[in-house]
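Heads up: the sequence shown begins at 1 in my numbering, then just goes up one per residue.
Data first, discussion second: the structure below is written as structure tokens.
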Amino acid sequence: MRLLSVCFATLLSLPVLSQEFAAESKRLEETLSGMARVDQKHPDFLHANLDYAQMLARASDENCLERVPKAETLLDTVRNSQAAELVLGTSAARIPFTGYLIEMARFRCEVDPARRKTALLEAQKLARAAVEGYRAGFHYDAMAVMQYNVAQATRELGDEAAAIRELEAALELDRTFGLYDDAADNYKILREWRGQTTSDAEVAEFQKGVVPASAALTFAWKPFTATANATFDLGGFEGGLAKHTILKLPITATLRTDGDGFRLDTQPGKPVVQVEAADSVDGKVEKSMLTMLARILGSQAPAQLDKAGNLKGVDEAELVSKALERAIDNSVVGVLPASDDRMAGVKASVDAVLKPMATVGVLNARTRENYILDTGIWIGSTLKHGAWMEMKQVLSMNGTPNGFVEQRVRVVLARWLPCAKGRPPRSCVELVFDARPLPEAIEAIAKKMGDEGQGRLDYAGETRRRLVVDPATLMVYETQTLRMGYVALTKNKQRAVKIGTDRTQVTYQYSK
Numbered sequence: 001m002r003l004l005s006v007c008f009a010t011l012l013s014l015p016v017l018s019q020e021f022a023a024e025s026k027r028l029e030e031t032l033s034g035m036a037r038v039d040q041k042h043p044d045f046l047h048a049n050l051d052y053a054q055m056l057a058r059a060s061d062e063n064c065l066e067r068v069p070k071a072e073t074l075l076d077t078v079r080n081s082q083a084a085e086l087v088l089g090t091s092a093a094r095i096p097f098t099g100y101l102i103e104m105a106r107f108r109c110e111v112d113p114a115r116r117k118t119a120l121l122e123a124q125k126l127a128r129a130a131v132e133g134y135r136a137g138f139h140y141d142a143m144a145v146m147q148y149n150v151a152q153a154t155r156e157l158g159d160e161a162a163a164i165r166e167l168e169a170a171l172e173l174d175r176t177f178g179l180y181d182d183a184a185d186n187y188k189i190l191r192e193w194r195g196q197t198t199s200d201a202e203v204a205e206f207q208k209g210v211v212p213a214s215a216a217l218t219f220a221w222k223p224f225t226a227t228a229n230a231t232f233d234l235g236g237f238e239g240g241l242a243k244h245t246i247l248k249l250p251i252t253a254t255l256r257t258d259g260d261g262f263r264l265d266t267q268p269g270k271p272v273v274q275v276e277a278a279d280s281v282d283g284k285v286e287k288s289m290l291t292m293l294a295r296i297l298g299s300q301a302p303a304q305l306d307k308a309g310n311l312k313g314v315d316e317a318e319l320v321s322k323a324l325e326r327a328i329d330n331s332v333v334g335v336l337p338a339s340d341d342r343m344a345g346v347k348a349s350v351d352a353v354l355k356p357m358a359t360v361g362v363l364n365a366r367t368r369e370n371y372i373l374d375t376g377i378w379i380g381s382t383l384k385h386g387a388w389m390e391m392k393q394v395l396s397m398n399g400t401p402n403g404f405v406e407q408r409v410r411v412v413l414a415r416w417l418p419c420a421k422g423r424p425p426r427s428c429v430e431l432v433f434d435a436r437p438l439p440e441a442i443e444a445i446a447k448k449m450g451d452e453g454q455g456r457l458d459y460a461g462e463t464r465r466r467l468v469v470d471p472a473t474l475m476v477y478e479t480q481t482l483r484m485g486y487v488a489l490t491k492n493k494q495r496a497v498k499i500g501t502d503r504t505q506v507t508y509q510y511s512k
């Protein structure tokens with residue numbers, strides 16, 4: 001069934017019973033009031049604004065004059081938030097989607113033809129923006145639904161031919177991403193728009209051509225050398241503004257036979273840092289730290305695998321850790337003369353940020369996590385197109401240098417696609433992976449920290465990842481990972497907040 005809409009005429013104003021509306025309004029207003037006193041950058045505060053705005057837009061028919069402006073005000077709170085792009089993470093497409101609902105409410109409420117058309121044109125534009133936003137976050141089901149809404153808005157504007165093209169695009173997305181129920185619905189609607197009737201037999205015949213397929217994932221690695229190009233887009237919140245830093249890093253990965261299994265080695269190359277930094281001591285320190293950070297992010301200890309691809313262990317983590325520590329120590333050399341009184345403070349700051357990320361424990365965990373997410377957990381799996389499966393996994397606690405927490409993981413085989421340019425069109429599959437920390441796991445960590453006198457922890461995080469992999473070998477060709485972390489610690493009435501996101505893309509080219 002559709003996630004966001006079923007029928008243009010009714011779904012955008014889903015009936016909300018007065019009693020239900022009153023109860024939900026009260027709950028959301030209490031949430032907003034409570035969170036506003038704590039932190040208006042908190043994900044819960046921003047999501048509650050969007051939830052409330054969407055509910056008001058859907059229920060606007062009962063009271064347009066009050067509910068549409070109020071919904072617009074709630075949406076503006078999020079639009080004007082400098083932190084929204086960071087803390088909403090992969091849900092950032094909710095902003096244009098909410099705007100779309102508001103414009104559709106305005107379209108329904110208005111009586112003046114010119115204002116109705118203006119609202120509809122704006123709704124169409126926002127629906128297109130939501131399509132691209134959901135695509136960027138790998139929310140392909142929501143993306144396809146918003147494409148349907150683009151088609152409906154186009155038809156309402158009177159352009160039948162363009163509306164049919166937009167609906168054909170939605171139907172193609174349904175096929176591509178395994179949205180089979182939606183495909184059948186859109187097939188019937190498409191025929192209706194073309195002036196054709198559709199029998200149950202014709203729908204059944206159509207569905208024969210879109211039968212859900214599956215892919216068996218098999219480990220069949222052979223010794224290789226791979227060149228990987230990694231790009232890290234690191235986002236943070238400083239001085240009331242969102243700030244982004246781009247790090248680029250070449251990485252060489254080598255797989256060789258080792259006894260009765262394999263050894264996988266990685267070696268980071270020379271980083272490229274793109275950041276606005278002043279030509280001052282602070283600016284030089286920042287560039288130096290970021291260059292070192294890129295090297296740390298690209299560093300792993302050698303992984304030992306058996307012939308079946310199972311991770312047997314991690315080798316030489318202590319050697320890699322010591323090499324990184326030496327590099328961290330040397331990273332500030334030349335920033336200041338050794339005799340400068342500020343050197344001790346600069347070195348202490350650099351050590352405090354970077355060395356916790358280069359410990360033996362963190363290297364072991366990072367190496368294991370990267371291999372497991374890229375390869376290990378998929379070995380021997382058979383995934384059905386468009387069908388989500390769920391598991392639990394201990395993964396990185398976003399926003400912390402060395403934290404790990406048990407998370408609820410959902411994964412889907414999204415589509416078939418070429419592994420790379422020049423490869424067959426269905427040579428690889430794209431897997432989409434969504435991970436959220438278990439609330440009880442965060443509560444346990446928060447309780448432990450409170451009991452130890454470290455303060456009260458407030459945490460939110462999410463990870464969204466796409467993986468392009470050859471199912472016949474489990475050779476990885478591309479990964480894109482979106483991470484969001486909101487960490488707040490309150491102690492002695494002082495609240496320290498850290499907001500961070502990163503969008504990482506890695507592409508691989510193989511040679512024997």
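Just so it is clear, CB atoms sit at the ideal spot from N, CA and C, and this is done for glycine as well.
Between which two residues does the beta strand (DSSP E) holding residue i run?
i           : result
residue 437 : 428-437
residue 246 : 241-258
residue 404 : 404-417
residue 125 : Looking at the DSSP string, residue 125 is not in any beta strand (DSSP E); the run it does join, the alpha helix (DSSP H), is 113-136.
On the criterion of 16 or more Cβ atoms from any shown chain inside 10 Å, does residue i qualify as buried, or is it exposed?
i           : result
residue 492 : exposed
residue 3   : Because the pLDDT of residue 3 is 37, which lies under 50, any placement of that residue in the model is unreliable, and the question is left without a value.
residue 398 : buried
residue 158 : exposed
residue 143 : buried
residue 272 : exposed
residue 12  : Below a pLDDT of 50, predicted positions are generally treated as unreliable, and residue 12, at 42, falls in that range; the measurement from the model is reported next regardless. It is buried - the Cβ of residue 12 has at least 16 other Cβ atoms within 10 Å.
residue 498 : exposed
residue 467 : buried
residue 1   : Only weak support exists for where residue 1 lies, its pLDDT of 36 falling under 50; the coordinates are left without a value.
residue 496 : exposed
residue 72  : buried
residue 494 : exposed
residue 358 : buried
residue 214 : exposed
residue 10  : With a pLDDT of only 36 at residue 10, under 50, the local geometry of the prediction cannot be trusted, and the value read off the model is given with reservation. Per the 10 Å Cβ criterion, exposed.
residue 424 : exposed
residue 154 : buried
residue 145 : buried
Mind checking which residues open and close the alpha helix (DSSP H) that includes residue i?
i           : result
residue 206 : 200-208
residue 498 : Careful: residue 498 lies outside any alpha helix (DSSP H), inside the beta strand (DSSP E) at 494-511.
residue 229 : It is not in any alpha helix (DSSP H) - residue 229 instead sits in the beta strand (DSSP E) that spans 224-238.
residue 73  : 64-79
residue 104 : 94-109
residue 349 : 343-354
residue 147 : 140-156
residue 26  : 18-38
residue 361 : 360-374
residue 188 : 180-193
residue 55  : 43-58
residue 87  : 84-87
residue 161 : 160-176
Per the DSSP calculation, residue i is bridged to which residue(s)?
i           : result
residue 554 : The shown model of the chain, from 1 to 512, leaves out residue 554, and the question about it has no answer.
residue 456 : 490
residue 262 : 257, 305
residue 382 : 216
residue 268 : 251
residue 393 : 407
residue 311 : 305
residue 485 : 461, 500
residue 333 : 336
residue 273 : 247
Just to check my reading of the structure: residue i and residue j have Cβ atoms closer than 8 Å, yes? What is that Cβ distance to the nearest angstrom?
i           : j           : result
residue 382 : residue 216 : 5 Å
residue 306 : residue 380 : At roughly 13 Å, the Cβ-Cβ gap does not stay under 8 Å, so residue 306 and residue 380 are not in contact.
residue 140 : residue 352 : With 8 Å as the limit, residue 140 and residue 352 do not qualify as a contact, their Cβ atoms being about 41 Å apart.
residue 100 : residue 75  : That pair is no contact at about 10 Å.
residue 408 : residue 392 : 6 Å
residue 405 : residue 412 : With a Cβ gap of about 23 Å, residue 405 and residue 412 do not count as contacting.
residue 264 : residue 303 : 4 Å
Can you tell me whether residue i sits near the ligand ATP, meaning its C-beta is under 8 Å from at least one heavy atom of the ligand?
i           : result
residue 254 : With respect to the ligand ATP, the structure offers nothing, as it holds no ligand at all.
(request) Please determine if the segment 45-61 and the segment 467-474 are in contact, where contact requires at least 3 C-beta pairs separated by less than 8 Å. (result) Put simply, the segment 45-61 does not touch the segment 467-474. Fewer than three CB pairs are less than 8 Å apart.
(request) Report yes or no: do the segment 500-511 and the segment 475-482 share at least 3 C-beta pairs separated by less than 8 Å? (result) Contact between the segment 500-511 and the segment 475-482 is present, because at least three Cβ pairs lie under 8 Å.
(request) Decide if the segment 335-346 is in contact with the segment 291-309; the criterion is three or more beta carbon pairs, one per stretch, under 8 Å apart. (result) no
(request) State whether the segment 80-88 contacts the segment 110-120, with contact taken as three or more CB pairs (one from each stretch) at a distance under 8 Å. (result) No contact exists between the segment 80-88 and the segment 110-120.
(message) Whether or not the segment 164-174 and the segment 188-204 are in contact is what I'm after, with contact meaning three or more pairs of Cβ atoms, one per stretch, closer than 8 Å; do they touch?
(response) yes
(request) Report yes or no: do three or more beta-carbon pairs, one from the segment 239-258 and one from the segment 223-230, lie closer than 8 Å? (result) yes
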